[in-house]
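Number 524 marks the last residue of the sequence shown (my numbering); no jumps.
Cβ coordinates follow ideal geometry from the N, Cα and C atoms, glycine included.
In what follows, a structure is listed as structure tokens, so that the remarks can point back to it.
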Amino acid sequence: MDASILNRLSGITEEEKEILKGRRSIDRSLYMDGSRDVISGEKLLERGKLIAIRPHTRFLSFPEHSHDYVEMVYMCAGETRHVVNGSPITLRQGELLMLGQNARQSIEPAGEKDIAVNIIVRPAFFSGTLPFLGEEETPLRRFVVSCLTGKNEAGYLLFHVAEILPIQNLIENLLYTIMEDTPNRRAILQMTMGLLFAQLMNHTEALQFETQEQNAVVSVLRYLEDHYRDGSLTEIAEELHYELPSLSRLIRQKAGKNYTELLQEKRLSQAAWLLRNTGKRVDEIANAVGYENLSYFHRLFAARFGQSPKKYRDCK
Numbered sequence: 209m210d211a212s213i214l215n216r217l218s219g220i221t222e223e224e225k226e227i228l229k230g231r232r233s234i235d236r237s238l239y240m241d242g243s244r245d246v247i248s249g250e251k252l253l254e255r256g257k258l259i260a261i262r263p264h265t266r267f268l269s270f271p272e273h274s275h276d277y278v279e280m281v282y283m284c285a286g287e288t289r290h291v292v293n294g295s296p297i298t299l300r301q302g303e304l305l306m307l308g309q310n311a312r313q314s315i316e317p318a319g320e321k322d323i324a325v326n327i328i329v330r331p332a333f334f335s336g337t338l339p340f341l342g343e344e345e346t347p348l349r350r351f352v353v354s355c356l357t358g359k360n361e362a363g364y365l366l367f368h369v370a371e372i373l374p375i376q377n378l379i380e381n382l383l384y385t386i387m388e389d390t391p392n393r394r395a396i397l398q399m400t401m402g403l404l405f406a407q408l409m410n411h412t413e414a415l416q417f418e419t420q421e422q423n424a425v426v427s428v429l430r431y432l433e434d435h436y437r438d439g440s441l442t443e444i445a446e447e448l449h450y451e452l453p454s455l456s457r458l459i460r461q462k463a464g465k466n467y468t469e470l471l472q473e474k475r476l477s478q479a480a481w482l483l484r485n486t487g488k489r490v491d492e493i494a495n496a497v498g499y500e501n502l503s504y505f506h507r508l509f510a511a512r513f514g515q516s517p518k519k520y521r522d523c524k
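Set out below in structure tokens:
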């Protein structure tokens, strides 16, 4: 991380000075309204702002709480230890933790050299970032985006991305833009967040969900991204050490569709992309995405997009 940014985030805050003088618990008035254990965005965001940052408060444990906003915790240096929905998490330098509004989190005391920054985001902010993820609607994209925007049951997402340079650069750019209050700040922040989401989508192998079941479903969706032409549920079930019926039920429960429906969705989405972006014949595209029966492909495509593959291409 840029030394000047890290230096600014490392300074002892007024709150931390009080803690070092002997304060034994957090000042609830800085974070919460009344007796509710919910950190309020109204306390942390300036009026009209949808995104802000604040250094994580060190030297004191933070009791269990939730947020009325989406929180992204980025570890600039050192490490912090969290418990989220009962699961212990050690967040290390360069890693990113994203918490949904329903997540219950507590944090152990951090030392002076453990520098984390909390990125506070109103869900409405994400509406301007999603177009950067591209036009292709795939099962994996929909599942991860629903988690990123707080519309999925997942309590948290943990990204082990310390070694992925583009993601590190984008997070640094995001922090810099917020801290410097640059011109066109809102547009720059939404573009940067959109590019960050796109990079995170490209590195779902570095993504850790809250439960084993969620991780398994993402593995299935990632498998479909690469094996939509000739993959099988049996193959991925064996790779994940799941019984076939159990994995089938889990996919339906977590993704909202069965494996065959998700496979068909991915194939047709890929076919639409090829129609828009290549000059391949329709029969070549049908075969490339896994359909040997051209008539069957035409029926499925028309049912999904409301027109034949040829008309779809001509309209684009």
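Only counting the same chain, and skipping five residues up and downstream in sequence, which positions put a Cβ closer than 8 Å to that of residue i?
i: residue 516; result: 506, 509, 510
i: residue 526; result: In this structure the chain extends from 209 to 524, so residue 526 is not present and cannot be described.
i: residue 249; result: 275, 276, 277, 328, 330
i: residue 448; result: 424, 427, 428, 455
i: residue 483; result: 490, 493, 517, 520, 521, 524
i: residue 411; result: 367, 369, 372, 375
i: residue 230; result: none
i: residue 393; result: 385, 386
i: residue 262; result: 252, 325, 326, 328
i: residue 339; result: 402
i: residue 302; result: 283, 369, 370, 371, 376
i: residue 214; result: 284, 285, 323
i: residue 332; result: 258
Using beta-carbon positions only, say whether residue i and residue j come within less than 8 Å of one another.
i: residue 471; j: residue 432; result: yes
i: residue 398; j: residue 374; result: no
i: residue 322; j: residue 266; result: yes
i: residue 458; j: residue 421; result: yes
i: residue 386; j: residue 259; result: yes
i: residue 217; j: residue 284; result: yes
i: residue 466; j: residue 460; result: yes
i: residue 436; j: residue 497; result: yes
i: residue 257; j: residue 239; result: no
i: residue 227; j: residue 253; result: no
i: residue 300; j: residue 287; result: yes
i: residue 298; j: residue 289; result: yes
i: residue 378; j: residue 415; result: no
i: residue 513; j: residue 463; result: no
Per DSSP, residue i forms a beta bridge with which residues?
i: residue 300; result: 287
i: residue 279; result: 307, 328
i: residue 493; result: DSSP lists no partner for residue 493.
i: residue 417; result: 365
i: residue 314; result: 291
i: residue 323; result: 285
Can you give me the Cβ contacts of residue i inside the same chain, cut-off strictly under 7 Å, excluding the 5 residues immediately before and after it?
i: residue 270; result: 234, 314, 315
i: residue 452; result: 441, 442, 445
i: residue 418; result: 293, 295, 362, 363, 364
i: residue 438; result: 498
i: residue 209; result: 284, 380
i: residue 478; result: 436, 497
i: residue 310; result: 274, 363
i: residue 337; result: 398, 401, 402, 405
i: residue 224; result: 265, 266, 267
Using a Cβ-based criterion (distance less than 7 Å to any ligand heavy atom), does residue i qualify as near the ligand GTP?
i: residue 242; result: Ligands in the displayed structure: none, and consequently the ligand GTP is not present.
Within the same chain, show all residues whose beta-carbon is closer than 6 Å to that of residue i, passing over the 5 residues directly before and after it, in chain order.
i: residue 264; result: 324, 326
i: residue 306; result: 280, 365
i: residue 391; result: none
i: residue 246; result: 274, 276
Helix, strand or coil for residue i? Go by DSSP, reduced to three states.
i: residue 506; result: helix
i: residue 522; result: helix
i: residue 501; result: coil
i: residue 422; result: helix
i: residue 516; result: coil
i: residue 412; result: helix
i: residue 336; result: helix
Please confirm whether residue i has its beta-carbon closer than 8 Å to some beta-carbon of chain B.
i: residue 472; result: Absence of chain B from the displayed structure is noted, only one protein chain being present.
Only counting runs of 4 or more residues, tell me where the alpha helix (DSSP H) segments fall wholly within the region 214 to 275, in order along the chain. 222 to 228, 249 to 252
Can you check the region 357 to 409 for any beta strand (DSSP E) of at least 3 residues that lies completely inside it and give the ranges in chain order? 364 to 367
Could you give the uninterrupted runs of the alpha helix (DSSP H) lying entirely in the region 432 to 481, keeping only those of 4 residues or more? 441 to 448, 452 to 463
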